[in-house]
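Just below is one structure, and these are the notes that go with it.
In my numbering, the protein residues as written are 168 to 389.
Below, the structure written as structure tokens:
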């Protein structure tokens, strides 16, 4: 099942994202407008993917999804660890409020950026699992069908624009959300077959830039 937002009717081996969220946010604030011709760009991290699913689908945030996100981010502070949360839900309410605040920055022109480092020319594989974060086992992020080859071409073109650059290279991938997709995964739990709802935010690549290219005024502080 696919849902659109309610308001909207060659290969390389890559490592984990370069630096931490604060540095990436600084990069976004200072240089995303230049990279995207003036359009806003936000970091494509776990929280962004989680928020994008609910922003595009128009659904209300589910408590179980919020708890899964909290555990995945290393902050398991809900019912499993604090029985009082079974009654007050204070942490859930706070997290939901923070995420809604993040979502308030989204609009139809927003693009999302993921920065990776090119490990070296001896590897020839672009790993979507590294490129696109999945915040929980049940809310994931994937490329639009057929866009992987297009993305690989964009990477080759970006590398061709800076032939003198040497690995490791920092590369910025810009995406936009196009829809969400729902599916069910069958698992055997306690000798019983269960079907788990797996939901994905489908992203389309819109631009690739090599940040080490001295011809571009795009830099991430180390």
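Where a beta carbon is used, it is the ideal one built from N, C-alpha and C, also for glycine. Quick caveat, the model's predicted, so the values are computed rather than measured.
Rounded to the nearest angstrom, what separates residue i and residue j at their Cα positions?
i: residue 179; j: residue 259; result: Residue confidence is low: residue 179 scores 39 on pLDDT, short of 50, so the model does not pin down where it sits. Its coordinate-derived value is still stated next. Roughly 40 angstroms separates the two Cα atoms.
i: residue 363; j: residue 324; result: 40 angstroms
i: residue 314; j: residue 371; result: 7 angstroms
i: residue 347; j: residue 333; result: 37 angstroms
i: residue 281; j: residue 256; result: 33 angstroms
For residue i, which three-state DSSP category applies?
i: residue 231; result: helix
i: residue 217; result: helix
i: residue 261; result: helix
i: residue 273; result: coil
i: residue 374; result: strand
i: residue 242; result: coil
i: residue 324; result: helix
i: residue 331; result: coil
i: residue 318; result: helix
For residue i versus residue j, is the C-beta spacing smaller than 9 angstroms?
i: residue 113; j: residue 304; result: Shown here, the chain extends from 168 to 389; a query on residue 113 therefore has no answer.
i: residue 368; j: residue 307; result: yes
i: residue 285; j: residue 335; result: yes
i: residue 342; j: residue 373; result: yes
i: residue 275; j: residue 240; result: no
For residue i, which residues does DSSP report across the bridge?
i: residue 349; result: 366
i: residue 303; result: According to DSSP, which records beta bridges pairwise, residue 303 is partnered with nothing at all.
i: residue 279; result: 209, 342
i: residue 310; result: 370
Assign residue i to one of two classes, buried (16 or more other C-beta atoms within 10 Å of its C-beta) or exposed (fewer than that).
i: residue 208; result: buried
i: residue 295; result: exposed
i: residue 316; result: exposed
i: residue 279; result: buried
i: residue 227; result: exposed
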